[in-house]
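**Student:** For reference, the structure I am asking about is given below.
Residue numbers (full-length UniProt numbering): 1 to 480.
This is how it looks when you write it as structure tokens:
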């Protein structure tokens, strides 16, 4: 059985090898057939391309042959027409030769008349050219005169605008000077009143120093006076903070107003130049070049003015920051020495109003907006009543900040500052008033809302000076 199976296995292996060889041959045949079919397809494509190219060349050659036949026919027609024209010209020349003898004297006379007419035409042309030159000169003079008139009108408008601005600024400056003078008078009155009260209180303390065996009911009045003094100091501190915020807001609004004015003037100048160009579009090239040059100079001057104003604003910001730092240092010094201010109880006079309220009244008179400010004052009074509980006792040195007057730098750059950082005190250094270096712009008060009602996203609150003021009030409220 094993031998039979082995023989069958061998036979099957041989058959398998034969089939494998047949399969390989069949695959080779298929590959060759595929190559032959691809070659046949390539030949078919090439033959079709050649046939198409042959057809295209044949059509092109046929078209060229037709074109040459047509060209040959045209040349033959031209040759025939040229021969006919030559024959006709020969006849005409013969006829002209015959007629020339007849018309020779007439032609000489016509030549003379033609020369005369040519001379007259040349004279008329020269006169016409002179007239054209004269007209061009007159047009140039007219254009120059119109340009001068336009320039003078623009200068007159600019000067009129500057005059109006100067008048407004002078009025605002006079009003602010009057307010400053009244403020200084009120400060002097308050200082004299405080000095008198201080002397009277010292005399009372000296007189009551020996009477130590008095009943305890006599000490109730000084305690109440001390409490009243603390409350009034808190009120004065809140009023001083209010004026400080108002001054900072005035400064910011003045800067914005100046920027808006500068942008408006630049736009107006650009519009006027465009209108002038549209009116005088028929001017010559030289006048247009002169106007373009003048416009470029005006643009450069406007850019220089903007750069100067930005530089001045930066300088003013730097001065404000420096003076604010000086105020902080002085406040820290005054806080380090609390004994000097608390040794003697001070009571401000009830008849004399606070300086911040007085300045508010003067600014009200200057701007003539009393109704709106009285409503804002009522709101601030309610705010003061709630905020006075949070604030602690502060020294009297920084309770009375005075206004620092500065005119608008846009039209009056040479006007100096009217006041600086000044500290005044009495003989015994018990009462002091410190003038803060806040800047007050000459802008109407009707445009400034109260800072108590400003939203949190307002750009005024992002100003570095306003941030420092907010941090300062936060420190005071945290300490209270």
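Beta carbons: idealized from backbone N, C-alpha and C, even for Gly.
Helix, strand or coil for residue 1? Go by DSSP, reduced to three states.
**Tutor:** To locate residue 1, count along the chain shown from 1; it is residue 1. Three-state DSSP puts residue 1 in coil, outside helix and strand.
**Student:** Could you tell me whether the Cβ atoms of residue 154 and residue 265 are closer together than 8 Å?
**Tutor:** By one-based count along the chain shown, residue 154 stands at place 154. By one-based count along the chain shown, residue 265 stands at place 265. No. Outside cutoff.
**Student:** Three or more C-beta pairs under 8 Å: does that hold for the stretch 175-191 against the stretch 293-301?
**Tutor:** no
**Student:** Can you tell me whether residue 180 is buried or exposed? The criterion is at least 16 other CB atoms within 10 Å of its CB, across all chains shown.
**Tutor:** The residue given as residue 180 occupies position 180 in the chain shown. Residue 180 should be labelled buried.
**Student:** Going by beta carbon distance, what residues of the same chain come within less than 7 Å of residue 106, once the five residues before and after it are set aside?
**Tutor:** On the chain shown, residue 106 is found 106 positions in, with the first residue counted as 1. So the list is empty, once near-sequence residues are dropped.
**Student:** Considering only C-alpha positions, which residue in the set 127, 64, 130 and 143 is nearest to residue 543?
**Tutor:** What the structure shows of the chain is the stretch from 1 to 480, and residue 543 is not part of that stretch, so it cannot be assessed.
**Student:** Can the beta-carbon of residue 255 be found less than 8 Å from the beta-carbon of residue 313?
**Tutor:** Residue numbering aside, residue 255 sits at position 255 when the chain shown is read from its first letter. Residue numbering aside, residue 313 sits at position 313 when the chain shown is read from its first letter. Against a cut-off of 8 Å, the Cβ pair of residue 313 and residue 255 comes out as a contact.
**Student:** Determine the burial state of residue 194: buried for a count of at least 16 other Cβ atoms within 10 Å of its Cβ, exposed for fewer.
**Tutor:** Translated into positions along the chain shown, residue 194 becomes position 194. Its Cβ being crowded by 16 or more others within 10 Å, residue 194 is buried.
**Student:** Using a Cβ-Cβ cutoff of less than 6 Å, which residues in the same chain neighbour residue 361 once the five nearest sequence positions on both sides are dropped?
**Tutor:** On the chain shown, residue 361 is found 361 positions in, with the first residue counted as 1. In this prediction, residue 361 scores a pLDDT of 41, lower than 50, which makes its location untrustworthy; no coordinate-derived value is stated.
**Student:** Would you check if the distance between the CB atom of residue 309 and the CB atom of residue 262 is smaller than 8 Å?
**Tutor:** Walking along the chain shown from the start, residue 309 turns up at place 309. Walking along the chain shown from the start, residue 262 turns up at place 262. Pairing residue 309 with residue 262 gives a Cβ-Cβ distance under 8 Å.
**Student:** Determine the direct distance from the alpha carbon of residue 54 to that of residue 542, and round the result to whole angstroms.
**Tutor:** In the structure displayed, the chain extends from 1 to 480; residue 542 sits before or after that span and is not available.
**Student:** Alpha carbon to alpha carbon, how far is residue 150 from residue 124? Give it in angstroms, no decimals.
**Tutor:** Taking the first residue of the chain shown as position 1, residue 124 is located at position 124. Taking the first residue of the chain shown as position 1, residue 150 is located at position 150. One C-alpha to the other measures close to 38 Å.
**Student:** How is residue 174 classed by DSSP in three states: helix, strand or coil?
**Tutor:** Indexing the chain shown from 1 puts residue 174 at position 174. Helix.
**Student:** On a Cα-Cα basis, can you pick out the residue from 201, 316, 230 and 101 that is closest to residue 482?
**Tutor:** Only positions 1 to 480 of the chain appear in the structure, and residue 482 is not among them; the question remains open.
**Student:** Can you tell me the Cα-Cα spacing of residue 21 and residue 36, whole angstroms?
**Tutor:** If you number the chain shown from 1, residue 21 lands on position 21. If you number the chain shown from 1, residue 36 lands on position 36. Whole-angstrom Cα-Cα distance: 22 Å.
**Student:** Note down the Cα distance separating residue 30 from residue 60, rounded to an integer number of angstroms.
**Tutor:** Position 30 of the chain shown, counted from the start, is the residue given in the question as residue 30. Position 60 of the chain shown, counted from the start, is the residue given in the question as residue 60. Distance between the alpha carbons of residue 30 and residue 60 is about 44 Å.
**Student:** For residue 32, I'd like the list of residues in its chain whose CB is within less than 6 Å of its CB, leaving aside the five on either flank, ordered along the chain.
**Tutor:** Start at 1 with the first residue of the chain shown, and residue 32 comes out as number 32. Shown here for residue 32: not one same chain residue has a beta carbon closer than 6 Å to its own, the five before and five after excluded.
**Student:** Using only the alpha-carbon positions, how far apart do residue 233 and residue 226 sit?
**Tutor:** In the chain shown, the residue the question calls residue 233 occupies position 233. In the chain shown, the residue the question calls residue 226 occupies position 226. So the alpha carbons of these two residues sit roughly 10 Å apart.
**Student:** On the criterion of 16 or more Cβ atoms from any shown chain inside 10 Å, does residue 51 qualify as buried, or is it exposed?
**Tutor:** Taking the first residue of the chain shown as position 1, residue 51 is located at position 51. Counting other Cβ atoms within 10 Å of its Cβ, residue 51 stays below 16 and is therefore classed as exposed.
**Student:** Using only CA atoms, which one of 247, 249 and 300 lies nearest to residue 270?
**Tutor:** Position 270 of the chain shown, counting from 1, holds the residue named residue 270. For the residues 247, 249 and 300, the minimum Cα distance to residue 270 belongs to 300.
**Student:** Go ahead and label residue 237 buried or exposed: buried means 16 or more other beta carbons lie within 10 angstroms of its beta carbon, across all protein chains shown.
**Tutor:** Within the chain shown, residue 237 is the residue found at index 237, counting from 1. Here residue 237 is buried, its C-beta having at least 16 other C-beta atoms within 10 Å.
**Student:** From residue 130 to residue 147, what does the alpha carbon distance come to, in whole angstroms?
**Tutor:** Position 130 of the chain shown, counted from the start, is the residue given in the question as residue 130. Position 147 of the chain shown, counted from the start, is the residue given in the question as residue 147. Using only the alpha carbons, I get a separation of about 26 Å.
**Student:** Distance check for residue 72 and residue 38, CA to CA, integer angstroms please.
**Tutor:** For the purposes of this step, residue 38 is identified with residue 38 of the chain shown, where counting begins at 1. For the purposes of this step, residue 72 is identified with residue 72 of the chain shown, where counting begins at 1. Whole-angstrom Cα-Cα distance: 50 Å.
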